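Numbering (our numbering), first residue to last: 565 to 987.
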Ligand SMILES: Cc1cc2nc3c(=O)[nH]c(=O)nc-3n(C[C@H](O)[C@H](O)[C@H](O)COP(=O)(O)OP(=O)(O)OC[C@H]3O[C@@H](n4cnc5c(N)ncnc54)[C@H](O)[C@@H]3O)c2cc1C
């Protein structure tokens, strides 16, 4: 992989603040766009900036040398994918001329318009795009902290946690209980927990047919619910039990040592494996830089994705308050691209274009059995607005060819979005 250029990093001790803050609009300098976070939102922003605005300098700050996607990580649990097949590097972005700096942004100084790096030094920007994803709200479920996540993995950030959960699944006894704790909205990937239950069931049906899946939910309704429940009845009869909040599904306490999950009305579930997906908030750098509100997510202008709290900084992807847009990789890439259009327009003194955000989320529920949800959204005066009658879900009871086609569409979606983002 190409060694990232550090030529534009200025050591903090020698940086002249006035120079760093100088805008590129004066004519002589190239505009400087800096992107923090190389996931779907940030990598799409950097790629789009290179493709559409070759006159702008683009720097991507991302600590990791490769990115493992959450999309299709449930298929790793189901035994249909390898981790290597969902891992991408940044050589494509570097080849396209983005400076990829493998470091962690430790602070954002909006007055001086610089990003500070954990490894030392600063990067100046004219406009900044921040796409840090999510962090877990440790302690929101009593007893669930980073140590407990080693016993009861969340596997809701890509990588090592997925591998840990896969190993635990492989060790489950036949007749054992695989429990999931699912949070209330908003959280990353609304259909994700139910696709996960389906993929775990797929693996169990072949390998531990007497094992059970207990889905303890902090909600009473979920994305593509009718389609998932139909599929579970058809493919995995008696294997998956979904417990909504009103039937005591909300997990309030975990005891990883005793392997117990406790729910709001006092039930205690002893389990063999627990996948605890806790409540979430915007990634730490967003919170520490004042980009997030008291609720832990980042308010943005729907038209420009510029932060409502820190001028000159655009926040994209899961970290934003953007309901009814789902926190999806598809939306994060659309956000990333639009934020760049808005940022460059601001640098050049133009009005930002009017955005349209498309989303499709495919879920694989079994072999040759896929379902999807589609939506189109625009910027309204007070927030994001779904275009009436523009979307919907796979029809219930379609013929088998429709379900099969959805699996191919899902595969094609994954190939094209990863190629368009990291390729
Ligand atoms: C099980 C599961 C299945 C999913 N399936 C789908 C799907 O099928 N389709 C879909 O569209 N979406 C899916 N998603 C959702 C999707 O993964 C997220 O919506 C998407 O990753 C959000 O992109 P992001 O850029 O906001 O955050 P991320 O992808 O998490 O990227 C954040 C990046 O920022 C970096 N970062 C964090 N802090 C710093 C810092 N201080 N300095 C520098 N870099 C930093 C991180 O290292 C990371 O690379 C799924 C999610 C899960 C959990």
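Backbone N, C-alpha and C define an ideal beta-carbon position, used for all residues, glycine too. Model, not experiment: these values are computed from the prediction.
**Spatial neighbours of residue 671 in its chain, beta-carbon cut-off 6 Å, leaving aside the 5 residues before and after** = Taking the chain shown and counting its residues from 1, the one referred to as residue 671 is at position 107. Excluding positions up to five away in sequence, the list reads 680.
**Request:** For residue 845, verify whether its CB is less than 7 Å away from any heavy atom of ligand 1.
**Result:** Position 281 of the chain shown holds residue 845. No, ligand 1 has no heavy atom inside 7 Å of this Cβ.
**Request:** Indicate the three-state DSSP secondary structure (helix, strand or coil) for residue 826 in the structure shown.
**Result:** Locating residue 826 in the chain shown gives position 262, where the first residue counts as 1. Residue state, collapsed to three classes: strand.
**Message:** Is the separation between the beta-carbon of residue 609 and that of residue 802 shorter than 8 Å?
**Reply:** Here residue 609 refers to the residue found at position 45 of the chain shown. Here residue 802 refers to the residue found at position 238 of the chain shown. Remark: C-beta atoms of residue 609 and residue 802 do not approach each other more closely than 8 Å.
**Message:** Out of 912, 669, 616, 978, which one is the CA nearest neighbour of residue 625?
**Reply:** For the purposes of this step, residue 625 is taken as residue 61 along the chain shown, with counting starting at 1. Looking at the Cα atoms, 669 is the closest of the given residues.
**Request:** Spatial neighbours of residue 893 within its chain, please: CB distance less than 6 Å, with the 5 preceding and 5 following residues excluded, ordered by chain position.
**Result:** Looking up residue 893 in the chain shown gives position 329. These residues qualify, in order along the chain: 604, 635.
**Request:** Figure out for me which residue from 751, 764, 795, 729 has the closest Cα to the Cα of residue 961.
**Result:** Along the chain shown, one-based indexing puts residue 961 at 397. The option with the nearest alpha carbon to residue 961 is 795.
**Asked** Using a Cβ-Cβ cut-off of 6 Å (strictly less than) and excluding sequence neighbours within five positions of residue 617, which residues of its own chain qualify?
**Response** As a first step, residue 617 must be located in the chain shown, where it is residue number 53. These residues qualify, in order along the chain: 908.
**Message:** On the DSSP letters alone, give me the boundaries of the alpha helix (DSSP H) that residue 792 sits inside.
**Reply:** Here residue 792 corresponds to residue number 228 of the chain shown, with the count starting at 1. Run containing residue 792: 789-799, per the alpha helix (DSSP H) assignment.
**Prompt:** Whole alpha helix (DSSP H) runs in the segment 857-933 with 4 or more residues, listed along the chain?
**Reply:** Runs of alpha helix (DSSP H) with 4 or more residues, each lying fully within the segment 857-933, are found at 893-911, listed in chain order.
**Asked** What residue range is occupied by the uninterrupted alpha helix (DSSP H) comprising residue 769?
**Response** For this step, residue 769 is matched to residue 205 along the chain shown. Bounds of the alpha helix (DSSP H) holding residue 769 are 756-771.
**Asked** So, residue 971 versus residue 936, is the Cβ gap smaller than 8 Å?
**Response** Within the chain shown, residue 971 is the residue found at index 407, counting from 1. Within the chain shown, residue 936 is the residue found at index 372, counting from 1. Cβ atoms of residue 971 and residue 936: not closer than 8 Å.
**Residue from 873, 918, 844, 979 with nearest C-alpha to residue 857** = By one-based count along the chain shown, residue 857 stands at place 293. Nearest C-alpha to residue 857: 873.
**Message:** Given 7 Å as the limit, tell me if residue 696 has its C-beta closer than that to any heavy atom belonging to ligand 1.
**Reply:** Translated into the one-based positions of the chain shown, residue 696 becomes position 132. Yes, the beta carbon of residue 696 sits closer than 7 Å to at least one heavy atom of ligand 1.
**Extent of the continuous beta strand (DSSP E) run through residue 597** = For the purposes of this step, residue 597 is taken as the residue at position 33 of the chain shown. That run of the beta strand (DSSP E) goes 595-600.
**Prompt:** Roughly how far, in whole angstroms, is the beta-carbon of residue 599 from the beta-carbon of residue 678, given that I think they are within contact range, below 8 Å?
**Reply:** On the chain shown, residue 599 is found 35 positions in, with the first residue counted as 1. On the chain shown, residue 678 is found 114 positions in, with the first residue counted as 1. Contact check for residue 599 and residue 678: beta-carbon distance about 14 Å, past the 8 Å limit, so the pair fails to qualify.
**Asked** Whose C-alpha, out of 837, 780, 918, is nearest the C-alpha of residue 869?
**Response** Taking the first residue of the chain shown as position 1, residue 869 is located at position 305. Residue 918 holds the alpha-carbon nearest to the alpha-carbon of residue 869 among 837, 780, 918.
**Request:** Only counting runs of 3 or more residues, tell me where the beta strand (DSSP E) segments fall wholly within the segment 642-715, in order along the chain.
**Result:** The qualifying runs are 651-653, 663-665, 669-673, 678-681, 686-688, 691-694, 698-700.
**Prompt:** What's the C-alpha gap between residue 667 and residue 725?
**Reply:** As a working note, residue 667 is residue 103 in the chain shown. As a working note, residue 725 is residue 161 in the chain shown. Residue 667 and residue 725: Cα-Cα distance of roughly 21 Å.
**Message:** Going by C-alpha to C-alpha distance, which of 786, 769, 844 sits closest to residue 737?
**Reply:** Position 173 of the chain shown, counted from the first residue, corresponds to residue 737. Relative to the Cα of residue 737, the nearest Cα in the group 786, 769, 844 belongs to 769.
**Request:** Kindly identify the DSSP beta-bridge partner or partners of residue 745.
**Result:** In the chain shown, counting from the first residue as 1, residue 745 sits at position 181. In the DSSP assignment, residue 745 is bridged to 780, 840.
**Asked** Is it the case that the Cβ atoms of residue 698 and residue 842 are separated by a distance below 8 Å?
**Response** On the chain shown, position 134 is the one that residue 698 refers to. On the chain shown, position 278 is the one that residue 842 refers to. In this structure, residue 698 keeps its C-beta atom at 8 Å or more from the C-beta atom of residue 842.
**Request:** Classify residue 580 as buried or exposed, calling it buried when 16 or more other Cβ atoms lie within 10 Å of its own Cβ.
**Result:** Along the chain shown, read from residue 1 onward, the residue named residue 580 stands at position 16. Bear in mind that a pLDDT of 32 at residue 580, under 50, signals an unreliable position, so the number given afterwards is only what the model happens to contain. By the 16-neighbour rule on beta-carbons within 10 angstroms, residue 580 is exposed.
**Item:** Proximity test, residue 941 beta-carbon vs ligand 1 heavy atom, cut-off 7 Å
**Value:** Walking along the chain shown from the start, residue 941 turns up at place 377. Relative to ligand 1, residue 941 has its C-beta separated by 7 Å or more from all heavy atoms.
**Prompt:** Sorted by chain position, which residues of the same chain lie with C-beta nearer than 8 Å to residue 730's C-beta, five sequence neighbours on each side aside?
**Reply:** In the chain shown, residue 730 corresponds to position 166, counting from 1. Annotation for residue 730: 640, 641 place their beta carbon closer than 8 Å to its own, counting only its chain and skipping 5 residues before and after.
**Request:** State the start and end residues of the unbroken alpha helix (DSSP H) segment that holds residue 832.
**Result:** On the chain shown, residue 832 is found 268 positions in, with the first residue counted as 1. Counting along the chain, residue 832 sits inside no alpha helix (DSSP H); it lies in the beta strand (DSSP E) bounded by residues 832-834.
**Prompt:** How long is the line joining the alpha carbons of residue 811 and residue 746, rounded to whole angstroms?
**Reply:** Within the chain shown, residue 811 is the residue found at index 247, counting from 1. Within the chain shown, residue 746 is the residue found at index 182, counting from 1. Approximately 14 Å between the Cα atoms of the pair.
**Asked** Going by the beta-carbon positions, is the gap between residue 941 and residue 926 smaller than 8 Å?
**Response** Translated into the one-based positions of the chain shown, residue 941 becomes position 377. Translated into the one-based positions of the chain shown, residue 926 becomes position 362. Not in contact: residue 941 and residue 926 (Cβ atoms no closer than 8 Å).
**Request:** Determine, using beta carbons only, whether residue 652 and residue 631 come nearer to each other than 8 Å.
**Result:** As a first step, residue 652 must be located in the chain shown, where it is residue number 88. As a first step, residue 631 must be located in the chain shown, where it is residue number 67. Using a Cβ distance threshold of 8 Å, residue 652 and residue 631 count as a contacting pair.
**Message:** Using DSSP's beta-bridge definition, name the partner residues of residue 941.
**Reply:** Start at 1 with the first residue of the chain shown, and residue 941 comes out as number 377. Note: residue 941 sits in a beta bridge opposite 921, 950.
**Request:** Classify residue 853 as helix, strand or coil using the three-state DSSP reduction.
**Result:** As a first step, residue 853 is located in the chain shown; it is residue number 289 there, counting from the start. Three-state DSSP puts residue 853 in coil, outside helix and strand.
**Prompt:** Are the CB atoms of residue 948 and residue 844 nearer to each other than 8 Å?
**Reply:** Looking up residue 948 in the chain shown gives position 384. Looking up residue 844 in the chain shown gives position 280. The criterion of a C-beta distance shorter than 8 Å is not satisfied by residue 948 and residue 844.
**Item:** Rounded Cβ spacing between residue 929 and residue 799 (contact assumed at less than 8 Å)
**Value:** In the chain shown, counting from the first residue as 1, residue 929 sits at position 365. In the chain shown, counting from the first residue as 1, residue 799 sits at position 235. Going by Cβ atoms, the distance from residue 929 to residue 799 rounds to 7 Å, so yes, they are a contact pair.
**Prompt:** Which whole-angstrom value describes the C-beta separation of residue 785 and residue 690, a residue pair presumed to lie in contact below a C-beta threshold of 8 Å?
**Reply:** Counting from 1 along the chain shown, the entry for residue 785 is found at position 221. Counting from 1 along the chain shown, the entry for residue 690 is found at position 126. Not really, about 44 Å apart at Cβ, beyond 8 Å.
**Proximity of residue 707 and residue 654 at Cβ, strictly below 8 Å** = Taking the first residue of the chain shown as 1, we reach residue 707 at position 143. Taking the first residue of the chain shown as 1, we reach residue 654 at position 90. The answer is no: Cβ separation not under 8 Å.
**CB contact flag (residue 977, residue 897, <8 Å)** = The residue you call residue 977 lines up with position 413 of the chain shown. The residue you call residue 897 lines up with position 333 of the chain shown. For residue 977 and residue 897, no; Cβs fall outside 8 Å.
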